[in-house]
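Under our numbering, residues 8 to 298 are what the sequence shown spells out, in order. Take a look at the structure set out below.
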Amino acid sequence: MLAAASPGQGEEPASLDNLRRDCERAIAELAADSDHASIIALKEIAKSNPELLREHSDELFDLLLNVRQSNRSKCEILLLLSQIDAAHHATPDQIKTVRGKAQSEDTFLDAYAGLLLCHRADTYAVGMEVLTRQLSSDIPQARWVAAWVVGSIPEVPEDVLQLLEDRLEDADVTVRTYAAEAYAKHGGDASKATAVLNSVLRSPGQACYVLPPHVSDFDLSNRAIAMGILTKLCPAGQEPISDVAALARSSDAQEQSVALQTLTKWKRAEELESISKDESVSPFYRHIARR
Numbered sequence: 008m009l010a011a012a013s014p015g016q017g018e019e020p021a022s023l024d025n026l027r028r029d030c031e032r033a034i035a036e037l038a039a040d041s042d043h044a045s046i047i048a049l050k051e052i053a054k055s056n057p058e059l060l061r062e063h064s065d066e067l068f069d070l071l072l073n074v075r076q077s078n079r080s081k082c083e084i085l086l087l088l089s090q091i092d093a094a095h096h097a098t099p100d101q102i103k104t105v106r107g108k109a110q111s112e113d114t115f116l117d118a119y120a121g122l123l124l125c126h127r128a129d130t131y132a133v134g135m136e137v138l139t140r141q142l143s144s145d146i147p148q149a150r151w152v153a154a155w156v157v158g159s160i161p162e163v164p165e166d167v168l169q170l171l172e173d174r175l176e177d178a179d180v181t182v183r184t185y186a187a188e189a190y191a192k193h194g195g196d197a198s199k200a201t202a203v204l205n206s207v208l209r210s211p212g213q214a215c216y217v218l219p220p221h222v223s224d225f226d227l228s229n230r231a232i233a234m235g236i237l238t239k240l241c242p243a244g245q246e247p248i249s250d251v252a253a254l255a256r257s258s259d260a261q262e263q264s265v266a267l268q269t270l271t272k273w274k275r276a277e278e279l280e281s282i283s284k285d286e287s288v289s290p291f292y293r294h295i296a297r298r
């Protein structure tokens with residue numbers, strides 16, 4: 008169990024010591040087994056006390072060279088290093104390692120290495136080149152992973168924003184989904200992004216991983232992802248209520264769950280009541296709609 012730690016409040020010495028031990032243990036467990044759940048503990052520490060995890064950035068960089076680490080684990084580590092802003096304090100050898108990962112020809116590794124390089128001024132151009140190359144790839148998965156990653160970068164140049172806009176008309180529905188989110192985040196026309204996401208709700212569902220798939224992953228579809236984005240992006244009064252209500256009656260359990268959450272966030276009591284009385288919906292989801 009992780010020790011409690013609240014950012015900005017200053018942990019008590021004993022609590023900080025416990026958190027430090029949690030961090031050291033999680034890194035050791037990850038080094039021994041790349042599939043270990045300790046990566047979850049490290050994500051929690053990155054959120055609650057990024058400064059503490061940054062003290063262990065050398066060990067995280069070393070794990071990128073550990074042959075025991077799966078590509079998924081390396082992607083998770085690169086993402087952690089980006090979240091704690093470790094690139095600014097990285098040594099030349101560590102940056103060389105990351106640049107090597109950005110040329111791995113693995114869709115996921117390239118993108119997350121590119122992300123970390125974008126967090127450092129003298130390697131920003133290199134990282135952005137990796138991501139723009141993937142956004143223009145012939146491989147749909149490379150395009151959608153790059154679009155998701157670009158959405159997490161604080162700022163992008165105008166040519167990248169234009170490339171994201173071009174991807175709004177991509178033949179692949181998942182590329183359109185993540186491109187719309189990134190495009191809106193970086194100051195693109197929100198109404199254009201919203202229109203794309205609305206159309207995604209009426210498109211065939213497909214899985215849209217942004218990390219190498221793992222057996223423990225929830226199989227979220229592009230439609231579930233689009234609903235989550237729309238709850239943050241869609242202007243009041245313009246919500247695609249009928250499309251979301253239809254997905255609440257979907258045969259896909261994850262889509263049903265996300266659709267009910269979305270209708271709840273939008274305070275659509277009438278639609279929720281209708282779903283709660285619909286015999287075609289499973290008793291479990293009718294119960295959720297009534298809550």
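Cβ atoms here follow ideal geometry from the backbone N, Cα and C, with glycine treated the same way.
Review point. DSSP three-state call for S228: helix, strand or coil?
Key: In the three-state reduction of the DSSP assignment, S228 falls in the strand class, which pools E and B.
- Query: Got a sec? Which residues, its chain only, sit under 8 Å from G15 by beta carbon, not counting five neighbours each side?
  - Reply: For G15, the pLDDT reaches just 47, beneath the cut-off of 50, and the residue's location in the model is therefore unreliable, although a value from the coordinates is still provided. Counting only Cβ-Cβ distances below 8 Å, and skipping sequence neighbours, we find nothing.
- Message: Just to confirm my understanding: we take G235, look at its own chain, exclude 5 residues before and 5 after, and list those with CB closer than 7 Å. What are they?
- Response: Its chain contains V265 as the residues whose beta carbon lies nearer than 7 Å to that of G235, once the 5 sequence neighbours on both sides are disregarded; these appear in chain order.
Practice item. Would you mind listing the alpha helix (DSSP H) stretches within the stretch 71-127 that are 4+ residues and don't spill past its ends, in chain order? Key: Within the stretch 71-127, the complete alpha helix (DSSP H) runs of at least 4 residues are 78-90, 99-108 and 114-124.
Euclidean distance between Cα positions of A94 and A260: Rounded to whole angstroms, A94 to A260 spans 40 Å at the Cα level.
By the 10 Å Cβ neighbour count, where 16 or more other Cβ atoms means buried, how is D196 classified, buried or exposed? By the 16-neighbour rule on beta-carbons within 10 angstroms, D196 is exposed.
Contact under 8 Å by Cβ, L267 with I295: With contacts defined as CB atoms closer than 8 Å, L267 and I295 qualify as a contacting pair.
Residue of T104, A149, L86 and R127 minimising C-alpha distance to S159: The residue from T104, A149, L86 and R127 with its alpha-carbon nearest to that of S159 is L86.
- Item | Cα-Cα separation between L171 and A189, rounded to whole angstroms | L171 and A189: Cα-Cα distance of roughly 7 Å.
Contiguous alpha helix (DSSP H) assignments of at least 4 residues, all confined to the stretch 123-208: Annotation note: the stretch 123-208 contains the following uninterrupted alpha helix (DSSP H) runs of length 4 or greater, listed N- to C-terminal: 131-142, 147-157, 165-174, 180-192 and 197-207.
Beta carbon of I248, beta carbon of E278: below 8 Å?
In this structure, I248 sits near E278, with a CB-CB distance shorter than 8 Å.
| message | According to DSSP, simplified to helix, strand and coil, what is A214? | response | In the structure shown, A214 sits in a strand (DSSP, three-state: E or B).
Cβ-Cβ separation, A200 to A187 (assumed contact under 8 Å), whole Å: Contact holds; Cβ gap of about 4 Å.
Classify A38 as helix, strand or coil using the three-state DSSP reduction.
DSSP, read as helix, strand or coil, puts A38 in helix.
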